[in-house]
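Asks: Handing you this structure, nothing more for now.
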Amino acid sequence: MEALESGHSKLVAHKEGVTGASMLLASMTSMEDQAAKEAIVSLNLRPNQDT
Numbered sequence: 033m034e035a036l037e038s039g040h041s042k043l044v045a046h047k048e049g050v051t052g053a054s055m056l057l058a059s060m061t062s063m064e065d066q067a068a069k070e071a072i073v074s075l076n077l078r079p080n081q082d083t
């Protein structure tokens, strides 16, 4: 939400969300950063195309 409120695109906001979620997962599970990112990306979440 912060990225959108700063005027960034949905894609940039989505990428920031993936990065944040990956960092959280890695820190909570002792997972390697790349493995955590791959786990988040594998969820296949996409930004809403409305507005």
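Residue numbering for the sequence shown is 33 to 83, as defined by this note's numbering.
Glycine included, every Cβ here is placed at the ideal spot set by N, Cα and C.
In this text the structure is predicted, and so the values were computed from the model without any measurement.
Ignore the nearest five residues each way along the sequence and tell me which others in valine 50's own chain have a CB closer than 6 Å to its CB.
Replies: One-based indexing of the sequence shown puts residue 50 at position 18. Excluding positions up to five away in sequence, the list reads Ile72.
Asks: Who are the near neighbours of valine 44 in its chain, counting only those whose CB is closer than 8 Å to its CB and skipping five residues on each side?
Replies: One-based indexing of the sequence shown puts residue 44 at position 12. Cβ within range, chain order: Ala35.
Asks: Around the Cβ of alanine 68, are there at least 16 other Cβ atoms within 10 angstroms (buried) or fewer (exposed)?
Replies: By one-based count along the sequence shown, residue 68 stands at place 36. Buried, since its Cβ has 16 or more Cβ neighbours within 10 Å.
Asks: Look up histidine 46 in the DSSP assignment and say whether it is helix, strand or coil.
Replies: The residue labelled residue 46 in the question sits at position 14 within the sequence shown. Looking at histidine 46 - three-state DSSP - the assignment turns out to be helix.
Asks: For serine 54, count neighbouring Cβ atoms within 10 angstroms of its own Cβ and tell me buried if that reaches 16, exposed if not.
Replies: Residue mapping note: residue 54 aligns to position 22 of the sequence shown, counting from 1. The residue is buried, with at least 16 neighbouring Cβ atoms inside 10 Å.
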